[in-house]
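Beneath this line is the structure, given in structure tokens, with notes to follow.
Numbering (the numbering used here), first residue to last: 213 to 283.
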């Protein structure tokens with residue numbers, strides 16, 4: 213008789229995994245919508261990752277400029 217491979221997860225762990233997957237989907241959708249609104253082409257998830265990275269570097273650069281102006 214073969215034993216079935218079983219992974220036991222608590223309902224809390226399943227809930228946490230579900231919440232993180234929903235958050236990732238929302239982030240993907242928001243970044244994709246912003247890119248389309250800015251006229252950028254978005255065809256693959258890697259495009260969204262590249263756009264998200266460029267937005268992050270733009271925000272970091274903007275924050276650096278704002279902090280140097282205050283000083």
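C-beta: ideal position from N, C-alpha, C; glycine also. In this text the structure is predicted, and so the values were computed from the model without any measurement.
Would you tell me roughly how many angstroms separate the C-alpha atoms of residue i and residue j, rounded to the nearest one?
i, j, result
"residue 227", "residue 262", "29 angstroms"
"residue 229", "residue 240", "17 angstroms"
"residue 169", "residue 220", "Nothing about residue 169 can be read from this structure; the chain reaches only from 213 to 283."
"residue 231", "residue 238", "11 angstroms"
With a cut-off of 8 angstroms on the beta carbons, I'd call residue i and residue j a contact; round off their distance for me.
i, j, result
"residue 254", "residue 248", "6 angstroms"
Give the single residue among the options whose Cα lies nearest to the Cα of residue i.
i, options, result
"residue 250", "237, 266, 221, 233", "266"
With DSSP as the reference, label residue i as helix, strand or coil.
i, result
"residue 233", "helix"
"residue 283", "Note on residue 283: pLDDT 48, under 50, position unreliable in the model; no value is reported."
"residue 239", "helix"
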